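Asker: One structure, pasted below without further comment.
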Ligand code: VGL
Ligand code: ZN
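Residue numbers (our numbering): 989 to 1223.
Shown next, in the form of structure tokens:
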């Protein structure tokens, strides 16, 4: 309470290193960075462009150097995928529809398998990335999460891969904070991993309160919200 009464300047003068400890997290061999959906469709000019989406790229490139293990994901839909508004007559993007597995937000056509829109950003520079997980490739089921499809039971195999590599901690970055990043983080917790979301290495879509809800859900699930500056990257 005493500290809260002091201004930021006073705090900085008092104990800069203790109170504003930057770069305090050192990813180890049991840590993996999950880079979610940094694909052309979600970047400027893309069919489902996320506001400021391009700004995550340099941040992700930088923090990736701190990780021995990096996994990339690609949203990888069939043509005419069930998550596309264009296949539901009378429906527009960002409206919802009830599917057998629950409520589905409908999107503009995006990330169709093999298209330029589905390609990873050419500005992403992580040559040591060891695995690319593709998801959402079943025509009638969406998959925001890199772990589990939206039916809540079909595995992508990622948890098994990570366990097989003895990884205990995952750091999540990419697009979009409130959909694929959040669902991945939540399922990562359910699968028993320690989960960090690197906030400034993500950007959100924010439709119908989705961004605030995602952060609330993640906090409740024990996901740790950190900034890229918290991660120690040696020069
Ligand atoms: C995503 C909406 C639809 C995402 C993917 O990557 O967050 N969002 N498909
Ligand atoms: Zn999608």
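Don't be surprised by glycine CBs; every beta carbon is placed ideally from N, CA and C. As the structure is a computational prediction, the values presented were derived from the model and not from experiment.
(1) Go through the segment 1168-1222 residue by residue and report every complete run of the beta strand (DSSP E) that reaches 3 residues or more, in order.
(2) Contact check, residue 1157 vs residue 1010 under 8 Å by CB: the rounded distance?
(3) Among the residues of its own chain, which have a CB less than 7 Å from the CB of residue 1036, if the five just before and after it don't count?
(4) Please classify residue 1191: is it buried, with 16 or more other beta-carbons within 10 angstroms of its beta-carbon, or exposed?
(5) Per DSSP, residue 1065 is paired with what?
(6) In terms of alpha-carbon separation, which member of 1033, 1050, 1063, 1038 lies closest to residue 1136?
(7) Given 7 Å as the limit, tell me if residue 1071 has its C-beta closer than that to any heavy atom belonging to the ligand VGL.
(8) Taking the continuous beta strand (DSSP E) assigned at residue 1153, which residues delimit it?
(9) Should the segment 1111-1129 be regarded as contacting the segment 1053-1072, the criterion being three or more beta carbon pairs within less than 8 Å?
(10) With a threshold of 7 Å on Cβ separation, who are the neighbours of residue 993 within its own chain once the five nearest residues in sequence on each side are excluded?
(11) Can you tell me whether residue 1116 sits near the ligand VGL, meaning its C-beta is under 7 Å from at least one heavy atom of the ligand?
(12) Going by Cα to Cα distance, which pick from 1194, 1205, 1161, 1221 is closest to residue 1043?
Answerer: With the structure as the only source:
(1) 1182-1191, 1212-1214
(2) By one-based count along the chain shown, residue 1157 stands at place 169. By one-based count along the chain shown, residue 1010 stands at place 22. Not quite, the Cβ-Cβ distance comes to about 19 Å (not below 8 Å), so this is no contact.
(3) Numbered from 1 along the chain shown, position 48 holds the residue referred to as residue 1036. Closer than 7 Å at Cβ, skipping near neighbours: 1029, 1030, 1095, 1096, 1098.
(4) Within the chain shown, numbered from 1, the residue matching residue 1191 stands at position 203. Buried, since its Cβ has 16 or more Cβ neighbours within 10 Å.
(5) Position 77 of the chain shown, counted from the first residue, corresponds to residue 1065. For residue 1065, which the question treats as bridged, DSSP gives the partners 1100.
(6) Working through the chain shown from its first residue, we reach residue 1136 at position 148. The option with the nearest alpha carbon to residue 1136 is 1063.
(7) Against the chain shown, residue 1071 aligns to sequence position 83. Yes, Cβ of residue 1071 sits closer than 7 Å to a heavy atom of the ligand VGL.
(8) As a first step, residue 1153 is located in the chain shown; it is residue number 165 there, counting from the start. Note, residue 1153: premise wrong, no beta strand (DSSP E); not H, not E.
(9) yes
(10) For this step, residue 993 is matched to residue 5 along the chain shown. In this predicted model, residue 993 has a pLDDT of only 44, less than 50, meaning its place in the structure is not dependable enough to derive any value.
(11) Here residue 1116 corresponds to residue number 128 of the chain shown, with the count starting at 1. For the ligand VGL, not one heavy atom lies less than 7 Å from the Cβ of residue 1116.
(12) Within the chain shown, residue 1043 is the residue found at index 55, counting from 1. Residue 1161 is the option with its Cα nearest to residue 1043.
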